[in-house]
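S.K.: Numbering (the numbering used here), first residue to last: 292 to 789. Cβ coordinates follow ideal geometry from the N, Cα and C atoms, glycine included. There's a structure below that I have some questions on.
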């Protein structure tokens, strides 16, 4: 019997059905966090400016010098996202949110103070400069503390009922627990299977163990509260504000009518794949069933001609800057690689790119020569084939820097799914649904899957990476690219590579 988590996700409500509630969506919670943070950042700047005799503590200064405050906000937002300050899983716990806003806040202040021609001249005293940084940190932490205290109240929770107690339903229930940050309070399941009218225990991998029917068992998991015919009653009884449709077959006419009746009660109906994306930043390819369009981003942003032109221009600029930065240290890298492990400095390997076209990717050699003699092998954590210098290069992602030339040639992009080897692609495409969809865009040096999961070392990792890749393809934008690049830079500076 697998080890199970016995967190009490099921809680039978005793509140009056007329009790007023203000359930917030995930996007609304993030918007609230952004508002609190921007208020804290700009409030700290205003207080710091008040230390100068020519300024006073007057909010009208924001209107007179808007660029000062706008620049601070522009610097803060991408850095905050890069440090996961708006990850609701972290934001709901002050002990986890505080380090994120501390890092993002201090780095924002440092960059802001290093742009003297664009920003106001604060009093040139160490105490005054320190006061600005301390004000930023204090107000940011105060705002996060207020968020944690206020949003933890049931008044703001969305009460959810999951339709379908199968694999998809249990998966989204586990996602609620791992990533929900209290946004949703899960009431239970609804399922038409008579054999499932009993307690369901959620385990760490989405499997289930069922207990004998009995009221004393309901405290250890989520119960199946009824079937489709009790749905409308359950919505009213439990003050449900969201129904999660976690069934992979077609919705028949009877269930559709029941769902429309629930819509009339003001309940939101959310397909499981859509909600799973919002919670995890991944596309659940195993649970889409007949909803194939969820994993097939037909009209994704990458199909736009304007998007292609802007992205290509950004790729050329970033690759050119990368080569310029690499040039001064290139002789030192060559010397270190040669002394550590004699052999070729560069390493080329065949990969699969956009449209399934094959190309050769450039890398600094980080393994011993002839590391693969017989067949392709997944690179493992602490791989014995990696050299001493190669281990440092991989930790800092520097071994990937020669791929700037792949970008200039148009074979890769700065941001996109990581290119995979043809041997692995053929195998994975047979076993993982929708795997070839990741070839709808150019592969990238940095990627959503890379910053969220890291490098894959197994088929299971490849499935998880595909979920992230499909999310990126569906939601790609210059903003998301900027966040991914910043997170990659943070990983590089903190040695979070392979």
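Starting from residue 715, trace the alpha helix (DSSP H) in both directions and tell me its first and last residue.
M.R.: Counting along the chain, the alpha helix (DSSP H) containing residue 715 begins and ends at 713 to 722.
S.K.: Quick one: give me the first and last residue of the alpha helix (DSSP H) that residue 629 is part of.
M.R.: Residues 596 to 631.
S.K.: On a CA-only basis, which of 726, 722, 741 and 684 is nearest residue 705? Give me that one, please.
M.R.: For residue 705, the nearest C-alpha among the options comes from 741.
S.K.: Taking a contact to mean a Cβ-Cβ separation below 8 Å, would you say residue 576 touches residue 719 in this structure?
M.R.: No. Outside cutoff.
S.K.: Short of 6 Å in beta carbon distance, which residues of its chain neighbour residue 496, apart from the five on each side in sequence? Order them along the chain.
M.R.: Note that residue 496 has pLDDT 47, beneath the 50 cutoff, so the model's placement of it is unreliable and the number below is only indicative. So no residue of the chain qualifies.
S.K.: Leaving out the 5 sequence neighbours to the left and right, which residues in its chain are closer than 6 Å to residue 760 when beta-carbon positions are compared?
M.R.: The answer, listed in chain order, is 708, 729 and 740.
S.K.: Helix, strand or coil for residue 519, going by three-state DSSP, please let me know.
M.R.: Residue state, collapsed to three classes: helix.
S.K.: Return helix, strand or coil for residue 436, following the three-state DSSP convention.
M.R.: If DSSP states are grouped into helix, strand and coil, residue 436 belongs with the helices.
S.K.: In the structure shown, what three-state DSSP assignment does residue 735 receive?
M.R.: If DSSP states are grouped into helix, strand and coil, residue 735 belongs with the strands.
S.K.: Could you check whether the segment 357 to 377 touches the segment 449 to 464, counting it as contact only if at least three pairs of C-beta atoms, one from each stretch, sit closer than 8 Å?
M.R.: Too few Cβ pairs lie closer than 8 Å, so no.
S.K.: Find the nearest neighbour of residue 696 within the set 368, 470, 651 and 540, judged by alpha-carbon distance.
M.R.: Comparing Cα positions, the closest option is 651.
S.K.: From residue 779 to residue 611, what distance separates their C-alpha atoms?
M.R.: The straight-line gap from Cα to Cα measures roughly 18 Å.
S.K.: Could you pull the DSSP bridge partners for residue 451 from this structure?
M.R.: Bridge partners of residue 451: 477 and 533.
S.K.: Does DSSP put residue 775 in a helix, a strand or coil?
M.R.: DSSP places residue 775 in helix when its eight states are reduced to three.
S.K.: Just checking: is the beta-carbon of residue 619 within a distance shorter than 8 Å of some beta-carbon in chain B?
M.R.: No chain B appears in this structure, which consists of one protein chain only.
S.K.: Less than 6 Å between C-beta atoms, sequence neighbours within five positions excluded: which residues of the same chain meet that for residue 680?
M.R.: If we look at residue 680 and ignore the five residues flanking it on each side, its Cβ neighbours are 627, 628 and 631.
S.K.: Measuring alpha carbon to alpha carbon, tell me which of 567, 735, 564 and 483 ends up nearest residue 698.
M.R.: Of the listed residues, the one whose Cα sits closest to residue 698 is 735.
S.K.: Could you give the DSSP three-state label for residue 784: helix, strand or coil?
M.R.: Of the three classes helix, strand and coil, the one that applies to residue 784 here is helix, per DSSP.
S.K.: Per DSSP, which one or two residues make a beta bridge with residue 640?
M.R.: Looking at the DSSP assignment, residue 640 forms a beta bridge with 652.
S.K.: When the Cα of residue 795 is compared with those of 327, 325 and 356, which residue comes out closest?
M.R.: One cannot answer for residue 795 here, as it falls past the ends of the chain, which runs 292 to 789.
S.K.: Do you know offhand how far residue 769's Cα is from residue 372's?
M.R.: Roughly 14 Å between the two C-alpha positions.
S.K.: Going straight from the alpha carbon of residue 544 to that of residue 400, what length do you get?
M.R.: If you take the alpha carbons of residue 544 and residue 400, they lie about 58 Å apart.
S.K.: Enumerate, from N- to C-terminal direction, the unbroken alpha helix (DSSP H) stretches of 4 or more residues contained entirely within the segment 328 to 390.
M.R.: Listed in chain order, the complete alpha helix (DSSP H) runs (minimum 4 residues) inside the segment 328 to 390 are 351 to 355, 357 to 373 and 379 to 382.
S.K.: To the nearest whole angstrom, what separates the beta carbons of residue 395 and residue 381, a pair I think is in contact under 8 Å?
M.R.: 12 Å between Cβ atoms; not a contact.
S.K.: Is the segment 473 to 480 close to the segment 516 to 533, with three or more CB pairs under 8 Å?
M.R.: Contact between the segment 473 to 480 and the segment 516 to 533 is present, because at least three Cβ pairs lie under 8 Å.
S.K.: With distances taken Cα to Cα, identify the nearest neighbour of residue 620 among 558, 693, 376 and 559.
M.R.: With distances taken between Cα atoms, residue 620 lies closest to 693.
S.K.: Let's test the definition: count the other Cβ atoms within 10 Å of the Cβ of residue 678 and tell me whether it reaches 16, buried, or not, exposed.
M.R.: Answer is buried; the Cβ neighbour count reaches 16.
S.K.: Would you kindly report the start and end of the unbroken beta strand (DSSP E) that includes residue 821?
M.R.: No answer is possible for residue 821: it lies beyond the span of the chain, which begins at 292 and ends at 789.
S.K.: Do residue 722 and residue 743 have their beta-carbon atoms positioned less than 8 Å apart in this structure?
M.R.: Taking 8 Å as the Cβ cut-off, residue 743 and residue 722 do not qualify as a contacting pair.
S.K.: Please state the DSSP three-state secondary structure of residue 514.
M.R.: If DSSP states are grouped into helix, strand and coil, residue 514 belongs with the strands.
S.K.: Whole angstroms is fine: what's the gap from residue 404's alpha carbon to residue 428's?
M.R.: Roughly 15 Å separates the two Cα atoms.
S.K.: So, with DSSP's three-state summary, where would you put residue 318?
M.R.: Residue state, collapsed to three classes: helix.
S.K.: Does the Cβ-Cβ distance between residue 546 and residue 519 come in under 8 Å?
M.R.: Taking 8 Å as the Cβ cut-off, residue 546 and residue 519 qualify as a contacting pair.
S.K.: Buried or exposed, going by whether 16 or more other CB atoms sit within 10 Å of the CB of residue 504?
M.R.: Caution applies to residue 504, whose pLDDT of 37 falls short of 50 and renders its modelled position unreliable; the value that the coordinates give is listed next. Looking at its Cβ environment, which holds fewer than 16 other Cβ atoms inside 10 Å, residue 504 is exposed.
S.K.: Give me the DSSP bridge partner(s) of residue 658.
M.R.: 677.
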